[in-house]
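Structure first, commentary second.
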Amino acid sequence: MQQRGQLRQTASVPDVPTGSAPPETDDIPARIDRIPVVPFHYRLAGTLGVGTFFDGFDSTSIAVILTVVIAYFDISTAEAGILVSAGYLGQFLGALIIGALADRFGRRPAFILSLVTFGVFSAVCAAAWSPTSLGLLRAVQGLGLGAEVPVAATLINEYLGARNRGRVAVAYQSTFNWGLLAAPIVGIVALRSFGEDAGWRVLLAVGALPVIVAGYAWLRLPESARWLAQRGRRAEAEAYVARMEQQARARGVELAPPRAAPPAARGSLRLGELLAPAYRRRTLMLAAIWFLTFFVGYGYAVWMPTLYVRVGGLRTTQALALTVLVGALQLAMVYVTAFLADRVGRKPLLTWSFVIMTGGALVGFVGVGLMGVHRWPMLLAAAVVFAVGATAPTSTLYLYTAELYPTRMRAWATSACSSINRLASILSPLLVGALLGTSLGAGSVFLSFVIASAVALVVVLVAGIETRRRTLEEISR
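Laid out in structure tokens, this is it:
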């Protein structure tokens, strides 16, 4: 408690313009880069991870109950697509707005704001009285959902050294997949315990728990030392880094002297800098990958339970059971990705992932579209291949994006680039819902996924940048 009081007292140190930050702040990143994973990192990842767990839970809850909501409000699949897309519109705006605030006011308050927003409105969504009200409330909830993961990913990346950044950051990201897995499990329990008419409301109400996490984060979550140093708040940054160094030495680690590194790129945040000559190529590359990955990812994740019911002929609870099975596979693949991230590098991981995603889309297109096999095993086969292929992009893109930009704009860049996936999330459910309502059916949906995955593969091969075991300051210059 005494140490926390010291940190709070230093919070009154006034900000200075980032362009005039003293030169000694450059040793903060260099000191962080040589510190191994210590209890500080575990507590940080734990707090952020619980928030990210509920982000995954609340993000996918609409997919879990979509079939029930369609029947409850008596709406078409096209109308259901609009309902889903409304939530992703909110996420798009939230990523842009709160992401910019995170670079101006800090990662910690932006993370807390995100949790409060999507937690409170998850509870309000449970009281929706019409499809329109549910869509509007989901849009407001999305403001928090869209910002939480990029802000949290930025914060944890800024506390990790070059040698273990990929492994730890991707392992932390697995909490999102735990949330994706938990949602259908809780959905099955809620629907069986309360019936379909009330069960979907219970599931949404459970998503209000992040408010409790926000309270804990307010008391215990540290601010980014890199951000504090960049803002001229040297004493606060020093306190956090010194704590990590002390924990490392207490474990018998002999810390090497900080390595000389390129000074951090300075200057104030300029929103348009993402498309400045220094960053334009990587921004366009990331925007394409984010859009194409999640066009496919959200398209199949949101609609797959409904396809199991409408095309495969399963009951809702059976469809959710298959969703849990695929979710467990994805979760296992996240840890495989974490194991490989610092061994093979980001670009090879993304390359092979898009090859596999293209294969999964081809399985669905050939099986359902060309051969006319309208049974759940064929849909499951496509989903399994998708799950294997899509895991690496969805679990490493936040890491990869944060690596490619300097501290002064890292949260904004990560949020802005990741917001492109919200555009994909808006368009994909609309397209899939519309195609399912036509004579073209599910086959054409899988064909669109083939095209998107193949284009993403080409983009990575042509414009991908390798970041493995390089410092953030070196990569971002």
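In my numbering, the protein residues as written are 414 to 890. Using N, Cα and C, we set each Cβ at its ideal position, and we do this for glycine too. All of these numbers come straight from a predicted model, not from anything done at the bench.
Whole-angstrom distance between residue 642 and residue 427, CA atom to CA atom:
Counted from its first residue, the sequence shown places residue 427 at position 14. Counted from its first residue, the sequence shown places residue 642 at position 229. Below a pLDDT of 50, predicted positions are generally treated as unreliable, and residue 427, at 33, falls in that range; the measurement from the model is reported next regardless. Taking the straight line joining both Cα atoms gives about 12 Å.
Could you give the DSSP three-state label for residue 816: helix, strand or coil?
Start at 1 with the first residue of the sequence shown, and residue 816 comes out as number 403. The answer is helix: DSSP assigns residue 816 an H, G or I state.
Complete alpha helix (DSSP H) runs within the stretch 626-677 (minimum length 4 residues, chain order):
638-643 and 647-663
Backbone CA spacing between residue 730 and residue 601 [nearest angstrom]:
Stepping through the sequence shown from its first residue, residue 730 is reached at position 317. Stepping through the sequence shown from its first residue, residue 601 is reached at position 188. Roughly 6 Å between the two C-alpha positions.
Chain B within 9 Å of residue 847, Cβ atoms only:
Protein chain content of the structure displayed is limited to a single chain, and chain B is not contained in it.
Going by Cα to Cα distance, which pick from 546, 780, 794 and 805 is closest to residue 762?
Within the sequence shown, numbered from 1, the residue matching residue 762 stands at position 349. Per the Cα distances, 805.
Looking at residue 571: is its Cβ nearer than 9 Å to the Cβ of residue 445?
Position 158 of the sequence shown holds residue 571. Position 32 of the sequence shown holds residue 445. With contacts defined as CB atoms closer than 9 Å, residue 571 and residue 445 qualify as a contacting pair.
How many whole angstroms separate the CB atoms of residue 633 and residue 567, which I take to be in contact at a CB cut-off of 8 Å?
Along the sequence shown, read from residue 1 onward, the residue named residue 633 stands at position 220. Along the sequence shown, read from residue 1 onward, the residue named residue 567 stands at position 154. Not a contact, Cβ separation roughly 18 Å.
I want to know whether the stretch 756-773 touches the stretch 601-614 - three or more CB-CB distances under 8 Å.
Segments in contact, no.
Residue 454 - DSSP class collapsed to helix/strand/coil:
In the sequence shown, counting from the first residue as 1, residue 454 sits at position 41. Helix.
Using a 10 Å radius around the Cβ and a threshold of 16 neighbouring Cβ atoms, would you call residue 722 buried or exposed?
As a working note, residue 722 is residue 309 in the sequence shown. Classification of residue 722: buried, given that the 10 Å Cβ count is 16 or more.
Report yes if the C-beta distance between residue 744 and residue 640 is below 9 Å; otherwise report no.
One-based indexing of the sequence shown puts residue 744 at position 331. One-based indexing of the sequence shown puts residue 640 at position 227. No. Outside cutoff.
Tell me which same chain residues have a C-beta within less than 8 Å of the C-beta of residue 658, skipping the five on either side of it?
Taking the sequence shown and counting its residues from 1, the one referred to as residue 658 is at position 245. Excluding residues within five positions, the ones whose Cβ falls inside 8 Å are 444, 448 and 668.
My understanding is that residue 511 touches residue 564, with C-beta atoms under 8 Å, so please give their C-beta distance in whole angstroms.
Walking along the sequence shown from the start, residue 511 turns up at place 98. Walking along the sequence shown from the start, residue 564 turns up at place 151. Contact between residue 511 and residue 564 holds: their C-beta atoms lie close to 7 Å from each other, under 8 Å.
Start and end residues, alpha helix (DSSP H) containing residue 527
In the sequence shown, counting from the first residue as 1, residue 527 sits at position 114. For residue 527, the uninterrupted alpha helix (DSSP H) run begins and ends at 520-538, by DSSP.
9 Å Cβ cutoff met for residue 831 and residue 810:
One-based indexing of the sequence shown puts residue 831 at position 418. One-based indexing of the sequence shown puts residue 810 at position 397. Against a cut-off of 9 Å, the Cβ pair of residue 810 and residue 831 comes out as a contact.
For residue 654, count neighbouring Cβ atoms within 10 angstroms of its own Cβ and tell me buried if that reaches 16, exposed if not.
To locate residue 654, count along the sequence shown from 1; it is residue 241. By the neighbour-count rule (16 or more Cβ atoms within 10 Å), residue 654 is buried.
Does the stretch 857-866 come close enough to the stretch 690-702 that 3 or more CB-CB pairs lie under 8 Å?
no
Given a cut-off of 9 Å on the beta-carbon distance, is the pair residue 589 and residue 466 in contact?
As a working note, residue 589 is residue 176 in the sequence shown. As a working note, residue 466 is residue 53 in the sequence shown. Yes, the Cβ-Cβ distance between residue 589 and residue 466 is below 9 Å.
Given 8 Å as the limit, is there contact between the stretch 488-501 and the stretch 536-551, that is, 3 or more CB pairs closer than that?
Result yes; three or more Cβ-Cβ pairs closer than 8 Å.
Output the distance between the C-alpha atoms of residue 623 and residue 462, rounded to the nearest integer angstrom.
In the sequence shown, the residue the question calls residue 623 occupies position 210. In the sequence shown, the residue the question calls residue 462 occupies position 49. Computed Cα separation, rounded: 11 Å.
Cα separation between residue 532 and residue 485?
Translated into the one-based positions of the sequence shown, residue 532 becomes position 119. Translated into the one-based positions of the sequence shown, residue 485 becomes position 72. About 24 Å.
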